[in-house]
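Trainee:
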Amino acid sequence: MNPATALSKSSAMTEGFASVVNFNPTIAYFSMEIGLETDLPTYSGGLGILAGDTLKSCADLGLAVVGVSLIYHKGYFTQEIDANGEQVERETNWDPAEKLRLLPQKIILREIEGRDILVQGWLYCCKGTAGKEVPIVFLDTDLEGNAEQDRNLVSSLYGGDNEFRLKQEILLGIGGVKYLRALGFHDIKTFHMNEGHSSLLTLELLRESRRTIFETWDEDTTWDFEKVRSQCVFTTHTPVAAGHDVFSYDLMQKILRTGISLTVLKKICGNGVLNMTTLGLNLSRFANGVAKAHGDVSRNMFPTYQIDYITNGIHVPTWTHKPFHDLFDKYAKLWTRDPKYLRQAESIPCGEIWDAHMQCKRDLLDEVRRTTSVKLDPDVLTVGFARRSAAYKRATLMFNDLDRLISIAENSPGLQLVFSGKAHPRDADGKKNIKDIHRYIKEIEKRARKLKVVYLPNYNMRLGFLITGGVDLWVNTPIRPHEASGTSGMKAVLNGVLNLSILDGWWVEGCIEGVTGWAIGDLDTHPEMSLEELARFDARQFYDKLEKNVIPDFYERRSDWIEMQRHAISINASFFNSHRQVEQYVVKAYFYP
Ligand SMILES: *Cc1c(COP(=O)(O)O)cnc(C)c1O
0 MNPATALSKS SAMTEGFASV VNFNPTIAYF SMEIGLETDL PTYSGGLGIL AGDTLKSCAD
60 LGLAVVGVSL IYHKGYFTQE IDANGEQVER ETNWDPAEKL RLLPQKIILR EIEGRDILVQ
120 GWLYCCKGTA GKEVPIVFLD TDLEGNAEQD RNLVSSLYGG DNEFRLKQEI LLGIGGVKYL
180 RALGFHDIKT FHMNEGHSSL LTLELLRESR RTIFETWDED TTWDFEKVRS QCVFTTHTPV
240 AAGHDVFSYD LMQKILRTGI SLTVLKKICG NGVLNMTTLG LNLSRFANGV AKAHGDVSRN
300 MFPTYQIDYI TNGIHVPTWT HKPFHDLFDK YAKLWTRDPK YLRQAESIPC GEIWDAHMQC
360 KRDLLDEVRR TTSVKLDPDV LTVGFARRSA AYKRATLMFN DLDRLISIAE NSPGLQLVFS
420 GKAHPRDADG KKNIKDIHRY IKEIEKRARK LKVVYLPNYN MRLGFLITGG VDLWVNTPIR
480 PHEASGTSGM KAVLNGVLNL SILDGWWVEG CIEGVTGWAI GDLDTHPEMS LEELARFDAR
540 QFYDKLEKNV IPDFYERRSD WIEMQRHAIS INASFFNSHR QVEQYVVKAY FYP
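Counting from 0, one number per residue, gives the positions in the sequence shown under numbering that gives the first Met the number 0.
(1) If you drop the 5 nearest sequence neighbours on each side, which residues of the same chain put their C-beta closer than 7 Å to that of S484?
(2) Closer than 8 Å is the cut-off here; do at least three beta carbon pairs connect the segment 263-278 with the segment 331-343?
(3) Distance check for G509 and N576, CA to CA, integer angstroms please.
(4) Pick helix, strand or coil for V586, following the three-state DSSP scheme.
(5) With a threshold of 8 Å, are at least 3 pairs of Cβ atoms found where one atom belongs to the segment 55-63 and the other to the segment 389-403?
(6) Can you give me the start and stop residues for the alpha helix (DSSP H) that N311 sits inside?
(7) Which parts of the segment 30-112 are runs of the alpha helix (DSSP H), unbroken and 4 residues or longer, counting only runs that do not cross its ends?
(8) Can you give me the Cβ contacts of F574 inside the same chain, cut-off strictly under 7 Å, excluding the 5 residues immediately before and after it?
(9) Run through the segment 282-306 for me and flag every whole alpha helix (DSSP H) of 4 or more residues, listed as ranges in chain order.
(10) Does DSSP put W517 in a helix, a strand or coil?
(11) Straight-line CA distance for V20 to L326?
(12) Taking C-alpha atoms, which residue in L200, E345, W93 and H314 lies nearest to K329?
(13) Based on DSSP bridge pairs, tell me the residues matched to E512.
(14) With distance defined between alpha-carbon atoms, name the residue in H72, M357 and T234 nearest to G469.
(15) Sort out for me which residues DSSP pairs M192 with in a bridge.
(16) Opposite N498 in the DSSP bridges: which residues?
(17) Quick one: is D537 buried, meaning 16 or more other Cβ sit within 10 Å of its Cβ, or exposed?
(18) Give the DSSP-derived three-state secondary structure of T257 in the structure shown.
(19) In whole angstroms, give me the CA-to-CA distance for T220 and G47.
(20) Kindly examine ligand 1 and report whether one of its heavy atoms sits closer than 7 Å to the Cβ of K55.
(21) Let me make sure I understand the geometry here. Which of I254, R461 and G195 has the alpha-carbon closest to that of P40?
(22) Assuming the contact rule is C-beta atoms closer than 8 Å, L69 and L138 should be a hit. Round their C-beta distance to whole Å, please.
(23) Here's the rule: buried if 16 or more other CB atoms are within 10 angstroms of the residue's CB, otherwise exposed. What is L594?
(24) Tell me the DSSP secondary structure of D552 in three-state form.
(25) Quick check: what's the CA-CA separation for K392 versus I169?
(26) Give the single residue among E482, E531, L414 and F464 whose Cα lies nearest to the Cα of E36.
(27) Could you give the residue range of the beta strand (DSSP E) that holds Y454?
(28) In or out: R479 buried (at least 16 other Cβ within 10 Å) or exposed?
(29) Consult DSSP for F246 and reduce its assignment to one of helix, strand or coil.
(30) Taking 6 Å as the limit between beta carbons, can you name the residues of its chain near A588, skipping five residues before and five after?
(31) Who are E132's beta bridge partners in DSSP?
(32) Taking K374 as the reference, which of F384, T211 and D362 has the closest Cα?
(33) When DSSP builds the beta bridges, which residues end up paired with W121?
(34) Pick helix, strand or coil for A408, following the three-state DSSP scheme.
(35) Alpha carbons only, please: which of C359, T370, W318 and D307 is nearest the one belonging to P377?
(36) Would you please state the rounded distance, in angstroms, between the beta carbons of G350 and V474? I believe it to be under 8 Å.
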């Protein structure tokens, strides 16, 4: 079937969609990845989970939002670790039809190399705690009639080269806006770009508002930039220049077909390269970073723009373990409706916090035993480190001085470390980190009696849930200021797990030393140090805090420890959640005058 025939067959709104979500969205939230459930492999890490948590809070709060992303038929990837500690990547096999419904609407996209590409959406209904729903549309091109290369555009998340990426971004941004129109959504007042991957949506909005030949002759005034600016909101998540999504204009000219001239494009996308962040910033009425420190960094990187900040949060009902769920129901009623009520966690009796925590810990240790056959001791201080294995996160920092780590453990009642994380298939440094950790595990098995280390393969939402809630201490050791926000430490907090982390991202705001957790080092920067020196320096601070504060508090001052767990929930979980985050988006970004 050729795409044009398929298009003519698609009808307007069918009763299926109308009956599921009978509403007219005013906000469209675009993200290259959206993580909603473990078995919906449409995410790779923090960015996607954040998008999912944000949309869940939108549903809870009853906002008229629609989410837009791409479907990935082979997911991100499923991770196995071989006997040498090497990451092995397998395709994730799943059937979208099990979780999503294929919408009847089809559109033709012509912006990728001028071919007719048929695009159809899968619908996920995100149901909020009060019963309201937010529809999320995952665009698909793996359809009969499309050329093989276009069918492959939705094979995997962040797969392929730069050219592939650009095509995916055209599909998301331009295809996304066109698809929303096909769904009959014409009253959208805000297009929210969650990171630069969707910035090309601005070009479709420009096309929509193009002045006619009766209004202007001149290309410069053809495009109504102000109109587009009034419709868009941009969130940047990238604190380093090298991390921003850029494409060469040569590549762009080869692939992207818009009616916009190169001269005009260069004005809005940056001169040397097509920079998706520049495009997003230029055509948005509001832009923000994702934590206070990240707002500062973003303003330094883009000094000519106004960039606010809204600190990220997590979706509290998703990330709360059952034992704490029950406690919050008892002591912080209404917390699922509004997590600000978690402030009242201060009144939970210490004994009940500890009992709830120990249940979460046993759940994790059961999982560890099932997957690694290692039996960890529930009475031993257990430390978690799980996240995308990107080099800047420095997953091996804790092993920087192996002798010292072993000696700290041997001179204590015991120490257990739980690791997990996937490296991007083309990230050699990230993969090396995983291999190194496995090498350390073997060495520690030989040399230490009281130090145990395990690695759980295939980090995903389920493991994230189990590990963040089931350890005693959550550690994050990024190179500052590379952690824009981070959210896994917030999941820990919600379940009474304390943080010991570098003062970067959200932790700059969340850390009250000795009250909600501990900092590794301070806010000073050390530009004079090489990466190796900085790692040695930060590792030393980590060992000091672990030895002098964390271990004694855990083993000898248990009531102080539990007191801190309570503060962490009350002070931090009541704030670092996606309800508060979405409320701030509403006030600052969505209904901005
Ligand atoms: C929460 C979460 C993340 C984000 O964690 P950070 O430590 O903030 O990078 C990534 N992956 C999974 C599976 C998660 O659950």
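Beta carbons are placed, not taken as given, at the ideal position from N, Cα and C, and that holds for glycine.
Mentor: So, to answer that:
(1) Correct list, in chain order: V289, A290, H293, T310, N311, G504 and W505.
(2) These segments do not touch.
(3) Computed Cα separation, rounded: 12 Å.
(4) It is helical.
(5) No: fewer than three Cβ pairs fall under 8 Å.
(6) Per DSSP, N311 is not a residue of any alpha helix (DSSP H), being assigned neither H nor E.
(7) Segments of the alpha helix (DSSP H) lying fully in the segment 30-112: 45-59.
(8) Nothing meets the Cβ criterion.
(9) You should have 291-300.
(10) Of the three classes helix, strand and coil, the one that applies to W517 here is strand, per DSSP.
(11) No answer about V20 holds up, because its pLDDT of 47 lies below 50 and its placement is not dependable.
(12) Minimum Cα-Cα distance from K329 among the listed residues L200, E345, W93 and H314 corresponds to E345.
(13) E512 is bridged to G516.
(14) Measuring from the Cα of G469, the nearest candidate turns out to be M357.
(15) Answer by DSSP bridge pairing, in chain order: F29 and F233.
(16) Per DSSP, the beta-bridge partners of N498 are W473 and G516.
(17) Buried, since its Cβ has 16 or more Cβ neighbours within 10 Å.
(18) DSSP places T257 in coil when its eight states are reduced to three.
(19) Distance from the CA of T220 to the CA of G47, rounded to the nearest whole angstrom, comes to 37 Å.
(20) No, since every heavy atom of ligand 1 falls outside the 7 Å radius drawn around the Cβ of K55.
(21) Closest in C-alpha terms to P40, from the list I254, R461 and G195, comes R461.
(22) A Cβ-Cβ separation of about 5 Å places L69 in contact with L138 under the 8 Å criterion.
(23) The requested residue 594 does not occur in the structure, where the chain is confined to residues 0 to 592.
(24) D552 carries a helical assignment under DSSP once its states are collapsed to helix, strand and coil.
(25) About 30 Å.
(26) Measuring from the Cα of E36, the nearest candidate turns out to be F464.
(27) L450 to L455 is the span of the beta strand (DSSP E), which, as asked, contains Y454.
(28) With 16 or more other Cβ atoms within 10 Å, it is buried.
(29) Shown here, F246 sits in a strand according to DSSP, grouped into three states.
(30) The answer, listed in chain order, is V232 and F285.
(31) Answer by DSSP bridge pairing, in chain order: K126.
(32) Of the listed residues, the one whose Cα sits closest to K374 is D362.
(33) DSSP lists L101 and F137 as the beta-bridge partner residues of W121.
(34) In this structure, A408 counts as helix in the three-state DSSP scheme.
(35) Distances from the CA of P377 to each of C359, T370, W318 and D307 were compared; the closest alpha carbon is that of C359.
(36) At roughly 26 Å, the Cβ-Cβ gap does not stay under 8 Å, so G350 and V474 are not in contact.
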